[in-house]
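**Student:**
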Amino acid sequence: MSSVYVNRPTASPQAAAAWDTRRQLLTNVRGIGGRAYPRVSGILRERSWLFFEILLPFMTTSGFVFVYRALHAPPAYIGFVVLGGAMTAFWLNVMWMMAAQLYWEKDQGNLELYFTAPVSMMSILLGMAVGGMAMSFARAIVVLAIGAIVYGVQFQIEQWALLLAVFALTLAALYGLGMVLASLFLLWGREAWHLTQLTVEPIYFVSGLNFPVGRLGALGALAIGTIPLAVGLDAMRQLAFVNAPGLGGTPSPGIEAGILVVMTVIFIGVARWMLTRLEMLARREGKLTMRWG
Amino acid sequence: MPADTTGAPLAIDARGIRRIYKTKPPVVALDGIDLQVEPGELFGLLGPNGAGKTTLIKILTTLLLPSEGTARIFGFDVVTRTKELRRIMNMVAGGEQSGYGMLTVHEQLWMFSQFYGLGVREGRRRVEELIEAVGLAEQRMQRVSTLSTGERQKMNFARGLLNDPWIFFLDEPTLGLDVSAARSVRDLVRAWQAAVPGRTILLTTHYMAEADELCERLAIVDHGKILAIGTPDELKRRVQRESIFRLEVDQLDGGPATLARLPGVTSAVIAANGRQEGDETSQTVAVNLALEGDAALGSVVNALGGIGSRIVSLQKSEPSLEDVFVELVGRGFDEAEANGSPSSGGRDPNDEPPAHAERPPTGEPAEVGR
Ligand SMILES: Nc1ncnc2c1ncn2[C@@H]1O[C@H](COP(=O)(O)OP(=O)(O)OP(=O)(O)O)[C@@H](O)[C@H]1O
Ligand SMILES: [Mg+2]
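If you're matching them up, the sequences are chains L and X in order.
Just so you know, we're using numbering that gives the first Met the number 0 here: the first sequence kicks off at 0 and counts up by one.
Just so you know, we're using numbering that gives the first Met the number 0 here: the second sequence kicks off at 0 and counts up by one.
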């Protein structure tokens with residue numbers, strides 16, 4: 000019998016603590032929705048994000064477009080830049096809305112509530128990601144649309160299915176990496192923050208956001224082997240601009256898709272392991288909570 | 000699994016808990032805590048700032064590891080069985096600023112319900128019920144960032160009750176609440192606990208009267224050690240070596256010495272009497288009597304009859320928890336707390352020191368893009 004003081008009656012603490020797999024799974028799925036909720040509603044409530052999140056980054060992309068035009072680069076390069084601009088949104092989302100966010104959550108006292116709730120930290124992080132993705136999608140679409148309309152970018156796509164698969168895999172690998180970074184923030188909040196800020200520009204560069212990564216030679220090959228954004232973007236460029244000049248020197252999209260699969264598996268595995276390890280370490284060091292005390 | 004005599008695991012069973020923070024110099028926050036709490040108890044931790052109360056709660060809520068010792072909650076080890084434990088517990092701290100300021104009260108509580116494993120619609124219904132129960136119906140669509148301290152704390156309570164916890168940890172839950180808000184929170188906690196036998200509460204507080212009124216048993220903690228443990232009455236009896244009475248009679252021939260001579264009377268002295276001066280019609284004599292035991296009162300009453308004194312009033316004076324605290328901690332609660340209000344026993348639980356009342360609101364983190 001349920002009342003205001005009793006929602007789901009349980010016979011004993013032991014009975015209440017025994018959850019079947021279904022309940023665990025459902026709670027984790029709902030946890031994702033729960034954490035995504037404030038992010039999505041926040042986006043809808045604070046309209047200023049439209050300006051900051053879409054218009055400002057698009058200006059950066061436009062800057063490169065004008066440079067390439069002035070240099071009489073092949074028109075395909077404008078398409079590369081626009082696609083890079085679209086994908087930046089997802090990278091930023093992972094960096095700032097997921098990994099670095101944990102630092103704020105701890106300061107706010109939310110982190111300890113997340114840890115003491117019967118929901119996995121992976122779900123909380125995924126919830127942050129899913130909520131932020133809504134914004135990233137909007138931004139990516141706007142950038143692509145403006146690119147096509149204003150700069151006349153012409154996509155030439157033959158393998159739609161593979162393109163979508165590569166896009167999905169890029170997101171998966173990227174968010175896997177985000178979880179790894181988030182676990183670092185758990186333990187080294189401020190230091191991790193500074194480190195992240197230091198690595199933003201170099202990663203932009205070696206990811207080839209504004210030019211084909213194959214141009215970087217050995218460095219590009221290294222990036223393709225380690226940075227999800229680099230390999231995903233290169234594969235998507237090959238698939239969205241078939242036969243465009245300047246894309247040589249990198250593996251075929253099929254192989255790059257394979258690399259993304261491996262990356263996803265590794266990142267998610269590592270994130271799982273690190274979250275568990277670091278939770279224990281943070282409990283030992285007294286770093287899960289900053290407030291209360 | 001350690002068990003009490005009836006075979007069911009204890010709600011809290013902590014043994015030899017030590018916690019050292021590796022700062023420079025290291026801080027020994029807990030120094031050998033042994034604590035057994037039965038299912039269904041409302042147990043209080045009372046102690047000055049820095050005593051280690053919050054540290055103990057953090058360990059029991061799986062947020063911190065003990066440096067030494069073991070603790071089990073309903074038989075689940077707090078170090079290794081976190082998964083099970085987190086399904087049956089919840090916690091609320093005074094001044095808690097959890098959640099996201101731009102959500103409404105309803106949205107925020109619903110969000111938490113999703114972390115506690117409630118269904119999407121079940122969560123909505125439950126949130127409505129609890130909003131009603133804590134008295135936030137008017138604020139349900141208000142943004143969390145605009146709530147007053149007391150409203151916020153009521154919301155935190157609703158959050159803590161969302162998952163029907165079997166054990167509820169409350170760290171200074173009435174901090175910053177006005178008298179009526181604190182009372183309604185206490186009533187709510189009691190009613191919630193009474194609804195299911197076995198529901199257990201561990202509470203820390205700085206308010207003596209709150210501890211006295213609410214807790215079935217208390218531990219007085221200082222410097223990471225439990226100094227005394229017992230019911231409020233047991234603790235008070237510890238400091239009460241004699242029975243103290245305040246006697247008021249119409250007249251006392253021979254003065255208090257008459258009474259002091261009686262067997263079983265330790266001392267009898269004239270007490271200050273507010274009505275003594277000037278008021279001829281109600282002139283009485285007040286005497287503070289210290290007796291070896293309540294039984295000695297009989298001879299006092301007989302003796303008074305013998306000398307023709309009429310008893311106007313007779314009051315037994317009880318020691319307060321504060322007296323116990325002063326005796327055990329070796330300093331007054333207010334000295335320990337350094338907030339300088341007079342140490343007068345029956346202090347109002349909500350006699351809020353301004354330092355707490357004017358706690359600055361913490362800013363919200365930007366949940367939207369950076
Ligand atoms: N993370 C930490 N690092 C180092 N020392 C700490 C940490 N947390 C608490 N301490 C120290 O441990 C001791 C116990 O602190 P704790 O917060 O448990 O006290 P408390 O009884 O809750 O006090 P209060 O009544 O002020 O809330 C204090 O001396 C405090 O300074
Ligand atoms: Mg404390």
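Idealized CB from N, CA, C, for every residue including glycine.
Just so it is clear, the structure is predicted and the values come from calculations on it, not from any experiment.
#1: Are the beta-carbon atoms of X:M88 and X:I166 separated by less than 8 Å?
#2: Note down the Cα distance separating L:N242 from L:E45, rounded to an integer number of angstroms.
#3: Which residues in chain X sit within 7 Å of L:S61, going by Cβ to Cβ distance?
#4: Which class does L:N27 belong to by DSSP, given the choice of helix, strand or coil?
#5: Measure the C-alpha to C-alpha separation of L:L279 and X:E317 and round it to an integer number of angstroms.
#6: Pull up the distance between the alpha-carbon of X:A157 and that of X:H105, whole angstroms please.
#7: Scan the region 3-24 of chain L for residues whose Cβ lies nearer than 8 Å to a Cβ of chain X and list them as they occur along the chain.
#8: Which of helix, strand or coil does DSSP assign to X:G197?
#9: For L:Y4 and X:K153, I'd like the C-alpha separation in whole angstroms.
#10: Answer yes or no: do X:F75 and X:E83 have a C-beta to C-beta separation smaller than 8 Å?
#11: Taking 7 Å as the cut-off, is the C-beta of X:A52 nearer than that to any heavy atom in ligand 2?
#12: Checking 8 Å against the spacing of the C-beta atoms, do L:G78 and L:V152 come in under that value?
#13: Does any residue of chain L have a CB that is nearer than 8 Å to the CB of X:S97?
#14: If you compare alpha carbons, which of L:L221, L:A17, L:I254 and L:A222 is closest to L:Q237?
#15: Terminal residues of the continuous alpha helix (DSSP H) containing X:E241?
#16: Determine the contact status of X:F73 and X:P8, defining contact as a CB-CB distance below 8 Å.
#17: Among L:L54, L:M120 and L:I148, which has the Cα closest to the Cα of L:A181?
#18: Does X:A194 get closer than 8 Å to chain L when you measure Cβ to Cβ?
#19: Excluding the five sequence neighbours on either side, which residues of its own chain have a C-beta within less than 6 Å of the C-beta of L:L274, listed in chain order?
#20: For ligand 1, I want to know if X:G49 counts as a neighbour, meaning its beta carbon is within less than 7 Å of at least one of the ligand's heavy atoms.
#21: Ends of the beta strand (DSSP E) at L:A72?
#22: Taking Cβ-Cβ distances shorter than 7 Å, what residues in chain L pair up with X:Y20?
#23: Which residues does DSSP list as the beta-bridge partners of X:A267?
#24: In this structure, does DSSP put X:G253 in helix, strand or coil?
#25: Cβ-heavy atom distance between X:G31 and ligand 1 below 7 Å?
#26: Assign L:A15 to one of two classes, buried (16 or more other C-beta atoms within 10 Å of its C-beta) or exposed (fewer than that).
#27: From what residue to what residue does the beta strand (DSSP E) around L:N368 run?
#28: Does the CB of X:Q152 have a neighbour CB from chain L at under 8 Å?
#29: The beta strand (DSSP E) spanning X:V311 covers which residue range?
#30: Let's test the definition: count the other Cβ atoms within 10 Å of the Cβ of L:T169 and tell me whether it reaches 16, buried, or not, exposed.
#31: Using the C-alpha atoms, what's the distance from X:E209 back to X:D322?
#32: Under 7 Å Cβ to Cβ from X:V435, same chain only, skipping five residues before and after it: list those, please.
#33: Identify every residue that forms a DSSP beta bridge with X:F167.
#34: Per DSSP, what are the beta-bridge partners of X:V248 in this structure?
#35: If distances are taken between C-alpha atoms only, which option among X:R236, X:D177 and X:G297 comes closest to X:Y206?
#36: Please tell me whether, using a cut-off of 7 Å, the distance from the CB of X:V77 to the nearest non-hydrogen atom of ligand 1 is below it.
**Tutor:** The relevant details are as follows:
#1: yes
#2: 42 Å
#3: Near L:S61 there are no residues of chain X at all, since even the closest Cβ is about 20 Å away, more than 7 Å.
#4: Reduced to three states, the DSSP call for L:N27 is helix.
#5: It is Met, not Leu, that sits at residue 279 of chain L in the sequence shown. Answer to the nearest angstrom: the Cα atoms are 48 Å apart.
#6: 10 Å
#7: V3, Y4, V5, N6, R7, P8, T9, S11, P12, Q13, A15, A16, A17, W18 and R22
#8: Correct three-state label for X:G197: coil.
#9: 15 Å
#10: yes
#11: Inspection of the sequence shows that residue 52 of chain X is occupied by Lys rather than by Ala. Yes, the Cβ of X:K52 comes within 7 Å of a heavy atom of ligand 2.
#12: yes
#13: yes
#14: If you compare the alpha carbons of L:L221, L:A17, L:I254 and L:A222 with that of L:Q237, the shortest gap goes to L:I254.
#15: From DSSP, X:E241 is part of no alpha helix (DSSP H); its letter is neither H nor E.
#16: Taking a C-beta distance under 8 Å as the contact criterion, X:F73 and X:P8 qualify as a contact pair.
#17: L:M120
#18: yes
#19: M120 and S182
#20: Answer for X:G49: yes, Cβ within range of ligand 1.
#21: Where L:A72 is concerned, there is no enclosing beta strand (DSSP E), given that its DSSP letter is neither H nor E.
#22: G285
#23: X:L288
#24: For X:G253, the three-state secondary structure derived from DSSP is coil.
#25: no
#26: buried
#27: Only positions 0 to 292 of chain L appear in this structure, which leaves residue 368 of chain L out of reach.
#28: no
#29: I310 to K315
#30: buried
#31: 15 Å
#32: In the structure as shown, chain X starts at 0 and stops at 369, and residue 435 of chain X therefore has no counterpart that could be examined.
#33: X:N89 and X:I200
#34: Beta-bridge analysis with DSSP links X:V248 to X:V284 and X:I310.
#35: X:D177
#36: Answer for X:V77: no, Cβ out of range of ligand 1.
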